[in-house]
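J.:
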Ligand code: CP
Ligand code: NVA
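Numbering (our numbering), first residue to last: 687 to 995.
1. When you compare the CB positions of residue 813 and residue 764, do they come within less than 8 Å of one another, or not?
2. If we ignore side chains and look at the alpha-carbon of each, how far apart do residue 696 and residue 856 end up?
3. Straight-line CA distance for residue 688 to residue 991?
4. Taking the runs of the alpha helix (DSSP H) that are 4 residues or longer, which of them lie wholly in the stretch 862-886?
5. Is it true that the CB of residue 871 sits closer than 8 Å to the CB of residue 897?
6. Can you name, in chain order, every residue of its own chain whose Cβ lies under 8 Å from the Cβ of residue 691, other than the five neighbours on each side?
7. Please classify residue 784 as buried or exposed, where buried requires at least 16 neighbouring CB atoms within 10 angstroms.
8. Rounded to a whole number of angstroms, what is the C-alpha to C-alpha distance between residue 746 and residue 734?
9. Considering only C-alpha positions, which residue in the set 788, 951 and 983 is nearest to residue 674?
10. Give me the Cα-Cα distance between residue 774 and residue 797, rounded to the nearest whole angstrom.
11. Across the stretch 790-805 and the stretch 826-834, are there enough close Cβ pairs to call them in contact, namely three or more that are closer than 8 Å?
12. Ends of the alpha helix (DSSP H) at residue 783?
13. Going by CA-CA distance only, name the one from 831, 854 and 927 that's closest to residue 956.
14. At the level of alpha carbons, what is the spacing between residue 786 and residue 988?
15. Tell whether a beta-carbon distance below 8 Å holds between residue 836 and residue 852.
16. What do you reckon, are the CB atoms on residue 737 and residue 768 nearer than 8 Å?
17. Kindly examine the ligand CP and report whether one of its heavy atoms sits closer than 7 Å to the Cβ of residue 911.
18. Buried or exposed for residue 811, going by 16 or more other Cβ atoms inside 10 Å?
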């Protein structure tokens, strides 16, 4: 029996697999814009397991399944209480008997790994404390759409070295982009992340680690930010609000990048904190095409993992 394929981290994909997903996302998006998609997932079902709130991830996966002729079942944080009421391993075993795939958003990345280890259907990571690979796939798809290329572009992540930043780092390394990150001291990614990223970097990829966002954004093609306090870190909010203000993505910072620099944010945004309204709603912003592309990129993941071979 073939091993079950999952989508757990961009680090697991070869550059070819990543580019194939981008190609598939583009063809599915064009097909959708021209009318509707082929029912490639007719009769297939996907469980959506959430331990945290969501707008984009929930709706884009659910609508993606609808577009492809499949069915998605939303299971809210209060419903199955994975890891509390029932072990992750047992949830994986039980769901595997009912559905063709599991998308999960969890606190502890071990829960994603546990679902994949103990279930017998594909698992898709819809965000953990470690990473957010479905977001990063959509992000890079959005950059490709806007810039018509990826290799050689400089993405600068400004803010907290979190799950989103980690997946972006891995993605940039796989597609030959320059990844720069500017965070307060003690909030950068782990040294292990930089080592892992460098290990699988493709030609032309590079990493710069900064504390000064003004220096980091020089020659940026893309400035990316995310909230300063992620879900699950709420008790750190006050402490974080003291150190992060110099990392706000405002017009002054954007003016230091290339004039056609794209501004990205995975959303939800805390407007007035990590990003100003002026920038979020300004001419460099691609926040909302980026959000829409979650659906198109994830449809590629779904077809790849659940579709007929
Ligand atoms: N960007 C993102 O994952 O959004 P949600 O938390 O709304 O799903
Ligand atoms: N870093 C954020 C991303 C939300 C989509 C969080 O984990 O809450």
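A virtual CB, placed ideally from N, CA and C, is assigned to each residue, including glycine. Given the structure is predicted, the values throughout are model-derived calculations rather than measurements.
T.: Taking the structure as given:
1. Mapped onto the chain shown, residue 813 falls at position 127. Mapped onto the chain shown, residue 764 falls at position 78. No, Cβ-Cβ distance for residue 813 and residue 764 is not below 8 Å.
2. Taking the first residue of the chain shown as 1, we reach residue 696 at position 10. Taking the first residue of the chain shown as 1, we reach residue 856 at position 170. Going by the C-alpha atoms only, they are around 6 Å apart.
3. As a working mapping, residue 688 is identified with position 2 in the chain shown. As a working mapping, residue 991 is identified with position 305 in the chain shown. Here residue 688 scores only 48 on pLDDT, less than 50, and its place in the model should not be relied on; the value that follows carries that caveat. If I take the Cα positions, the gap works out to 13 Å.
4. Runs found: 877-885.
5. As a position in the chain shown, residue 897 is number 211, starting the count at 1. As a position in the chain shown, residue 871 is number 185, starting the count at 1. Taking the C-beta atoms as reference points, residue 871 is found nearer than 8 Å to residue 897.
6. Sequence index remark: in the chain shown, residue 691 carries index 5 (1-based). Excluding sequence neighbours, residue 691 sits near 808, 990 and 991.
7. Start at 1 with the first residue of the chain shown, and residue 784 comes out as number 98. Classification of residue 784: exposed, given that the 10 Å Cβ count is below 16.
8. Taking the first residue of the chain shown as position 1, residue 746 is located at position 60. Taking the first residue of the chain shown as position 1, residue 734 is located at position 48. Cα to Cα, residue 746 sits roughly 11 Å from residue 734.
9. As displayed, the chain neither begins before 687 nor continues past 995, which places residue 674 out of reach and without an answer.
10. For the purposes of this step, residue 774 is taken as residue 88 along the chain shown, with counting starting at 1. For the purposes of this step, residue 797 is taken as residue 111 along the chain shown, with counting starting at 1. Residue 774 and residue 797 have their C-alpha atoms some 6 Å from each other.
11. By the criterion of at least three beta-carbon pairs nearer than 8 Å, the stretch 790-805 is not in contact with the stretch 826-834.
12. For this step, residue 783 is matched to residue 97 along the chain shown. Per DSSP, the unbroken alpha helix (DSSP H) holding residue 783 starts and ends at 774-784.
13. For the purposes of this step, residue 956 is taken as the residue at position 270 of the chain shown. In terms of CA proximity to residue 956, 927 leads the group 831, 854 and 927.
14. Position 100 of the chain shown, counting from 1, holds the residue named residue 786. Position 302 of the chain shown, counting from 1, holds the residue named residue 988. Distance between the alpha carbons of residue 786 and residue 988: 10 Å.
15. Sequence index remark: in the chain shown, residue 836 carries index 150 (1-based). Sequence index remark: in the chain shown, residue 852 carries index 166 (1-based). Contact: no.
16. Along the chain shown, read from residue 1 onward, the residue named residue 737 stands at position 51. Along the chain shown, read from residue 1 onward, the residue named residue 768 stands at position 82. Yes; because the gap between Cβ atoms is below 8 Å, this pair is in contact.
17. Residue mapping note: residue 911 aligns to position 225 of the chain shown, counting from 1. No, the beta carbon of residue 911 sits no closer than 7 Å to any heavy atom of the ligand CP.
18. For the purposes of this step, residue 811 is taken as the residue at position 125 of the chain shown. The residue in question, residue 811, is buried, as its Cβ has 16 or more Cβ neighbours within 10 Å.
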